[in-house]
Amino acid sequence: MFTSGIFSSLPVTLGIFLVSLLIVIATSARFTRKLEELCEAFNLSIGVLSLLSALGANIPNYVSSAIAIFSGHIEFGIGIIVGSNIYNLAIILGLCALLTPERSGITLDTREKRDVRVIAVYAIFIALLSFLAIACLLIGPVGTAFHASRPSQPLLPLFSIMALGVFGSLLLHIFRRSHGSEGTTVHHHDFPHRKASLSNLRLVGEIIFVLVITLGGVLVMVQTGQTLTADLHMPSVLAGLLVLAVATSLPNTVVAISLVRSGEAAACIEEVYSSNSINTALGIVLPLLFWQGIVGDRFLLMLDAPLTLALLSLTLLYVLKGRIHRGLGVFLLGAYIAWVLLRFWM
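Each number in this note's numbering comes from the position in the sequence shown (counting from 1) with 297 added on.
So this is what it looks like as structure tokens:
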């Protein structure tokens with residue numbers, strides 16, 4: 298998977314990486330638009346819209362991580378997800394708070410606060426359990442308490458299964474949420490090219506087609522990204538946390554901003570939390586059930602894990618207040634920049 302092969306020169310590799318990245322971003326934006334049409338056509342809830350958006354927009358994240366883990370690059374794969382989740386909470390929510398059409402920032406009504414709060418709590422529990430699973434793979438002082446002799450001890454599958462169980466509960470909660478009742482469905486948008494008699498089947502076909510293109514693009518993007526970072530002699534965990542994490546999260550950025558700009562603020566925030574849960578469950582926890590290894594970067598637990606949980610808790614606090622104002626958006630962007638600089642310094 299991660300051999301240089303046809304990518305024999307840095308300019309060629311960089312060019313292929315950028316082209317594949319642009320393709321993935323474009324198809325993700327198209328995918329979001331089609332999902333809004335689908336949810337409106339079938340009168341689906343905001344929660345389903347956010348879940349489907351997260352599943353599609355985060356294909357680059359969890360697919361690339363799973364590929365890396367199954368290829369034996371454990372730190373690289375975990376780094377993609379952890380870095381992507383921090384990016385989602387800091388950069389995407391920060392940008393959405395600044396770019397929302399509402400002058401006071403993102404505001405939520407009582408129903409939206411309740412619904413988003415539940416999704417956020419699920420995300421916190423899934424993140425916590427995933428970090429406990431990662432601790433089972435860690436070597437060094439931090440992992441000593443979890444290590445007896447081998448990383449394949451029963452604690453790893455136990456934490457993984459618990460995390461997947463919580464993720465399953467999240468999915469059930471979203472699909473059980475009321476459909477079609479006031480305040481739960483997506484806002485009406487005009488789609489002038491839709492014809493009711495033909496659109497539904499065609500719409501599903503277009504969504505599947507876009508997903509196939511996105512998947513092909515991410516496979517190329519991951520391989521070229523790995524080659525680039527190897528040529529630049531970047532440690533694998535930093536390559537995942539900072540390079541591939543940002544690259545694979547750009548489609549999700551497009552999706553979230555598209556939602557908030559179209560008036561779907563609640564769906565945008567839920568999409569960010571759902572993205573983190575999906576990334577963690579499908580990109581870390583599920584692959585680690587079948588493939589285990591050793592993680593040597595102790596800062597994954599000493600810095601990245603506390604930061605992720607802190608960002609989840611902070612944003613949840615403002616969700617409970619019903620408003621994510623622009624000042625918080627600036628703070629989140631600054632926190633991400635500080636984390637990147639600290640990570641490079643370490």
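Idealized CB from N, CA, C, for every residue including glycine. Since we're looking at a predicted model, the values are computed, not measured.
- Query: In whole angstroms, what separates the C-alpha of L307 from that of A527?
  - Reply: 11 Å
- Item | Cβ neighbour criterion (16 or more within 10 Å) applied to P357 | buried
- Closer than 7 Å by C-beta to N355: which residues in its own chain qualify, once you throw out the five before and the five after it? Chain order, please. N549, S572, I575 and N576
- Task: Tell whether a beta-carbon distance below 9 Å holds between L390 and L629.
- Result: yes
- Between the C-alpha atoms of Y570 and I421, what's the straight-line distance to the nearest angstrom? 9 Å
- Query: Do you know whose CA, among R473, L426 and L348, lies nearest L461's CA?
  - Reply: L426
- Using the DSSP secondary-structure output, state which residues sit across from I322 in a beta bridge. DSSP output for I322 lists no bridge partner at all.
- Beta carbon of L402, beta carbon of G590: below 9 Å? Looking at the sequence provided, one finds Gly at residue 402 rather than Leu. Not in contact: G402 and G590 (Cβ atoms no closer than 9 Å).
- Message: If the criterion is Cβ atoms closer than 9 Å, does the pair L348 and I471 meet it?
- Response: yes
- At least three beta-carbon pairs within less than 8 Å, the region 411-419 to the region 628-643: no
- Distance, Cα to Cα, R676 vs R474? What is shown of the chain runs 298 to 643, which leaves residue 676 out entirely.
- Item | Given I322 as reference, the closest of Y615, V551 and A632 once Cα atoms are compared | V551
- Express the C-alpha separation of S546 and L315 in angstroms, rounding to a whole number. 14 Å
- Message: Quick check: what's the CA-CA separation for L319 versus S325?
- Response: 10 Å
- Message: So, for G513: in the same chain, excluding its five sequence neighbours on each side, which residues have a beta-carbon less than 7 Å away from its beta-carbon?
- Response: none
- Best match in Y615, K331 and F596 for proximity to M643 [C-alpha to C-alpha]: F596
- Task: Below 6 Å CB to CB, which residues in the same chain sit around S362 once its five sequence neighbours on both sides are set aside?
- Result: G374, I377, I378 and G580
- Query: Of the residues K618, L617, L529 and L525, which one's Cα is nearest the Cα of T310?
  - Reply: L525
- Task: Look at the Cβ atom of R330, then the Cβ atom of S555, and state whether they are nearer than 9 Å.
- Result: yes
- Task: Report all residues from its chain with a CB closer than 8 Å to the CB of L468; omit the five preceding and five following residues, and keep chain order.
- Result: L348
- Look up P489 in the DSSP assignment and say whether it is helix, strand or coil. In this prediction, P489 scores a pLDDT of 46, lower than 50, which makes its location untrustworthy; the coordinate-derived value is nonetheless stated afterwards. Residue state, collapsed to three classes: coil.
- Item | C-beta contact flag for T605 and A417 at 9 Å | no
- Item | Under the three-state DSSP convention, the category I431 falls into | helix
- Query: Excluding five sequence neighbours on each side, which residues of the same chain lie with their C-beta closer than 6 Å to the C-beta of G477?
  - Reply: Confidence in G477 is poor, its pLDDT being 44 and thus under 50, which makes the residue's placement unreliable; the coordinate value appears in the next sentence. Counting only Cβ-Cβ distances below 6 Å, and skipping sequence neighbours, we find N340.
- Task: Would you mind sorting L539 into buried or exposed? The rule is 16 or more other CB atoms within 10 Å of its CB.
- Result: buried
- Query: Who are the near neighbours of N295 in its chain, counting only those whose CB is closer than 7 Å to its CB and skipping five residues on each side?
  - Reply: Past the boundaries of the shown model lies residue 295; the chain is included only from 298 to 643, so the question cannot be answered.
- With a 10 Å radius around its C-beta and 16 neighbouring C-beta atoms as the bar for buried, classify D601 as buried or exposed. buried
- Query: Which residues in the same chain have their Cβ closer than 6 Å to the Cβ of L429, if we skip the five residues on either side of it in sequence?
  - Reply: F456
- Just tell me which of I313, I383 and A607 has its CA closest to the CA of R640. I383
- Item | Where G624 falls, given that 16 or more other Cβ within 10 Å makes a residue buried | exposed
- Message: Excluding the 5 residues flanking E503 on each side, which residues of the same chain have their C-beta closer than 7 Å to its C-beta?
- Response: K331
- Coarse secondary structure for I621, derived from DSSP in three states: strand
- State buried or exposed for V592, treating a residue as buried only when at least 16 other CB atoms are found within 10 Å of its CB. buried
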